[in-house]
Amino acid sequence: MKIERAVLREVPLRLKEYFEISSGGKQDRRILLLTLHGEGLEGWSECVVGEEPSYSYETTETAWHILTDYLLPAVVGRDASGPEDLLAPVPWLRGHPMAKACVEMAGWDMAARMDGISLSKKLGGVRGRVPVGVSIGIQKSDAALLDKVAGYVDEGYARIKIKIKPGRDVEMLARVREAFPVTLLMADANSAYRLSDIDRLKAMDELGLTMFEQPLAYDDIRDHARLQAQLDTPICLDESIHSVQDARLALELGACRIINIKPGRVGGLASAKRIHAVMVAARLPVWCGGMLESGIGRAHNVALASLPGFTLPGDISASQRYWEQDIVDPEFTVHEGHMKVPTGAGIGVEPDRERIEELTVRRAAFGD
Ligand code: OSB
Ligand code: MG
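According to the working numbering, the sequence shown is numbered sequentially starting from 31.
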């Protein structure tokens, strides 16, 4: 696949609702969109970096720097054998998985279009629709949270994830569990606890949670193993897993029983597929996480979630849960707890080019 041209854009989008997690909150996203051109086709992707180095060390600014100073100049003008080969010219570039994934994922979209098949099919997807959940940020009060949960349960979401932090955890979750005795509930701490918080963690172990996501430090697989040995609730790792090597280490140590796969966090869709394969071989489930994406990133996530091992509902909610107006047509919707996997070529949804152009505040182009 010859890449003739690349255009990177920054597109600000305001979330309908302030989204708070244990490390901080956000209202305004600075979305980075990449378009690769070549073979008479395009490939689209979204870089899922956050605005601040909190979830990951990468930020909008570091990704812009890595993409424009290293990755895109290396990719444009080259004839790669496929998406996995796109970054072959920069094997020495360490880290920055979200910036790398952005290039690789646009390559997957283009490769699927070259074959005239959907991205889902190109990746080995087997499902026409995928079960989806919703991730609820930390609310001002427990009453506000109960309201939110009720609303999403009514909308049919297959699983409710609740963000927690010390002090907004045991009692709050117990109230939700009491009001929703049979709903699939899980908690995501985004690394807000330490092993010394074991009493609180054990209290949450009594609430019948489907899983406990990333309770401990982002770089501490060993302590997660110690914690998992003391809990019945499966631990799901998010921030700790950046590669198939991390996944193997976590499984060997017994640090988790579930992995949240985000293609951006693990350096792309090929890496996501490798982690998926290791988990399927271990007979453990995975699900697709989210990074408050626009419809472009969501399209990639839905395609990935159609692979056989993605048996748990993903953090892949309807466009309307995030944005007044998404930047793809059609927008993503949820019916009976599921989202349809687009069947058109590539990501299978049309970027709203006019609106994207209008919203663009920064642009870098490579190639003629
Ligand atoms: O930990 O899964 C997370 C959003 C930003 C950063 C980290 C996380 C999240 C979410 C949102 O939980 C999931 C979504 O996109 O709906
Ligand atoms: Mg998480």
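Beta carbons: idealized from backbone N, C-alpha and C, even for Gly.
In terms of residues, what are the limits of the alpha helix (DSSP H) holding residue i?
{"i": "Arg230", "result": "228 to 234"}
{"i": "Ala129", "result": "127 to 145"}
{"i": "His306", "result": "299 to 311"}
{"i": "Glu361", "result": "Careful: Glu361 lies outside any alpha helix (DSSP H) and carries neither H nor E."}
{"i": "Ile377", "result": "Segment: none, Ile377 is in no alpha helix (DSSP H) and carries neither H nor E."}
{"i": "Leu257", "result": "251 to 258"}
{"i": "Pro103", "result": "102 to 105"}
{"i": "Lys151", "result": "149 to 153"}
{"i": "Leu267", "result": "Note, Leu267: premise wrong, no alpha helix (DSSP H); beta strand (DSSP E) at 265 to 267."}
{"i": "Ala395", "result": "No alpha helix (DSSP H) holds Ala395; the beta strand (DSSP E) holding it covers 392 to 397."}
For residue i versus residue j, is the C-beta distance shorter than 8 Å?
{"i": "Met234", "j": "Pro264", "result": "no"}
{"i": "Ile61", "j": "Ser324", "result": "yes"}
{"i": "Pro127", "j": "Val296", "result": "yes"}
{"i": "Leu239", "j": "Leu215", "result": "yes"}
{"i": "Val79", "j": "Leu389", "result": "no"}
{"i": "Gly186", "j": "His365", "result": "yes"}
{"i": "Ser148", "j": "Ala307", "result": "no"}
{"i": "Val274", "j": "Ile291", "result": "no"}
{"i": "Gly55", "j": "Lys32", "result": "no"}
{"i": "Val106", "j": "Arg35", "result": "yes"}
{"i": "Ser53", "j": "Asn220", "result": "yes"}
When DSSP labels each residue in this structure, what does residue i get in the three-state scheme?
{"i": "Tyr48", "result": "strand"}
{"i": "Asn331", "result": "helix"}
{"i": "Trp94", "result": "helix"}
{"i": "Ala36", "result": "strand"}
{"i": "Gln169", "result": "coil"}
{"i": "Gly181", "result": "helix"}
{"i": "Ala188", "result": "coil"}
{"i": "Lys292", "result": "coil"}
{"i": "Gly112", "result": "coil"}
{"i": "Gly70", "result": "coil"}
{"i": "Gln355", "result": "coil"}
{"i": "Arg278", "result": "helix"}
{"i": "Ile194", "result": "coil"}
{"i": "Glu81", "result": "coil"}
{"i": "Val41", "result": "strand"}
{"i": "Ala204", "result": "helix"}
{"i": "Glu323", "result": "coil"}
{"i": "Arg287", "result": "coil"}
{"i": "Ile61", "result": "strand"}
Please tell me whether, using a cut-off of 7 Å, the distance from the CB of residue i to the nearest non-hydrogen atom of the ligand OSB is below it.
{"i": "Gly319", "result": "yes"}
{"i": "Ser52", "result": "no"}
{"i": "Asp199", "result": "no"}
{"i": "Ser165", "result": "yes"}
{"i": "Asp145", "result": "no"}
{"i": "Asp345", "result": "yes"}
{"i": "Asp58", "result": "no"}
{"i": "Glu40", "result": "no"}
Would you say residue i touches the ligand MG, meaning its beta carbon is less than 7 Å from a heavy atom?
{"i": "Asp250", "result": "no"}
{"i": "Gln260", "result": "no"}
{"i": "Asn331", "result": "no"}
{"i": "Gln244", "result": "yes"}
{"i": "Asp99", "result": "no"}
Ends of the beta strand (DSSP E) at residue i?
{"i": "Ser468", "result": "Since the first residue shown for the chain is 31 and the last is 398, residue 468 is missing from the structure and cannot be characterised."}
{"i": "Arg159", "result": "159 to 161"}
{"i": "Asp218", "result": "215 to 218"}
{"i": "Trp317", "result": "316 to 318"}
### Task
Take every Cβ of the region 176 to 188, pair it with every Cβ of the region 202 to 220, and state whether three or more of those distances are shorter than 8 Å.
The region 176 to 188, when compared against the region 202 to 220, does touch it at the 8 Å Cβ threshold.
### Contact between the region 151 to 163 and the region 74 to 87 (3+ Cβ pairs under 8 Å)
Between the region 151 to 163 and the region 74 to 87 there are fewer than three inter-stretch CB-CB distances shorter than 8 Å, so the stretches are not counted as touching.
### Message
Using a Cβ distance threshold of 8 Å, determine whether the region 222 to 234 contacts the region 242 to 254, with at least three qualifying pairs required.
### Response
Taking 8 Å as the limit for Cβ pairs, the verdict is that the region 242 to 254 does touch the region 222 to 234.
### Message
I'd like to know if the region 332 to 350 and the region 102 to 118 are in contact, where contact means that at least 3 CB-CB pairs between them fall below 8 Å.
### Response
Cβ pair count under 8 Å is below three, so no.
### Query
Given 8 Å as the limit, is there contact between the region 125 to 145 and the region 351 to 359, that is, 3 or more CB pairs closer than that?
Contact between the region 125 to 145 and the region 351 to 359 is absent: fewer than 3 CB-CB pairs across the two stretches fall below 8 Å.
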